[in-house]
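K.L.:
One structure follows; several queries about it will come next.
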Amino acid sequence: MASKKCKCGKSACSNCSQLKLVFLLKHQFKTTDHNPVWYSFIKEETKSTQALIQYMLNRAKNSPYVGKTNCIIIYHNQTNKQLLKTNI
Ligand SMILES: [Zn+2]
Numbered sequence: 441m442a443s444k445k446c447k448c449g450k451s452a453c454s455n456c457s458q459l460k461l462v463f464l465l466k467h468q469f470k471t472t473d474h475n476p477v478w479y480s481f482i483k484e485e486t487k488s489t490q491a492l493i494q495y496m497l498n499r500a501k502n503s504p505y506v507g508k509t510n511c512i513i514i515y516h517n518q519t520n521k522q523l524l525k526t527n528i
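Counting in the working numbering, the sequence shown runs from 441 upward without gaps.
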């Protein structure tokens, strides 16, 4: 059975998650200097990378950031390789 938390005890982790999703907000929607960042869920790590990307996209499309980004970019969190750039 897949673990729900990483070794740090988190359900989504900047160190351990496979994927990182960055919302590049349009400037008028920025409330801080930082763009929102999401990490893929540890409980989903046993799925394929393509499935994880789809899960993150589906969640992003239901987020408060829809219509407020120039784009979103999904990176492989361990290598920082860009996997997908799109908009929501
Ligand atoms: Zn961790």
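We treat Cβ as the ideally placed atom computed from N, Cα and C, and that holds for glycine.
1) Enumerate, from N- to C-terminal direction, the unbroken alpha helix (DSSP H) stretches of 4 or more residues contained entirely within the region 451-526.
2) Using only alpha-carbon positions, find the residue among 494, 505, 497 that is nearest to residue 469.
3) Have a look at residue 465 and residue 507 and give me their C-alpha separation to the nearest angstrom.
4) Are at least three pairs of beta-carbons, each pair with one atom in the region 495-504 and one in the region 473-480, less than 8 Å apart?
5) Does ligand 1 have even one heavy atom less than 7 Å from the beta-carbon of residue 455?
6) Would you say the beta carbon of residue 483 comes nearer than 7 Å to a heavy atom of ligand 1?
7) For residue 513 and residue 460, I'd like the C-alpha separation in whole angstroms.
P.N.:
Walking through what the data contain:
1) You should have 489-500.
2) Looking up residue 469 in the sequence shown gives position 29. When only C-alpha atoms are compared, the closest one is 505.
3) Mapped onto the sequence shown, residue 465 falls at position 25. Mapped onto the sequence shown, residue 507 falls at position 67. Answer to the nearest angstrom: the Cα atoms are 9 Å apart.
4) Yes, since at least three Cβ pairs between the region 495-504 and the region 473-480 fall closer than 8 Å, the two stretches touch.
5) Here residue 455 corresponds to residue number 15 of the sequence shown, with the count starting at 1. Under cutoff, so the answer is yes.
6) Counted from its first residue, the sequence shown places residue 483 at position 43. No.
7) Taking the sequence shown and counting its residues from 1, one reaches residue 513 at position 73. Taking the sequence shown and counting its residues from 1, one reaches residue 460 at position 20. Rounded to whole angstroms, residue 513 and residue 460 show a C-alpha spacing of 8 Å.
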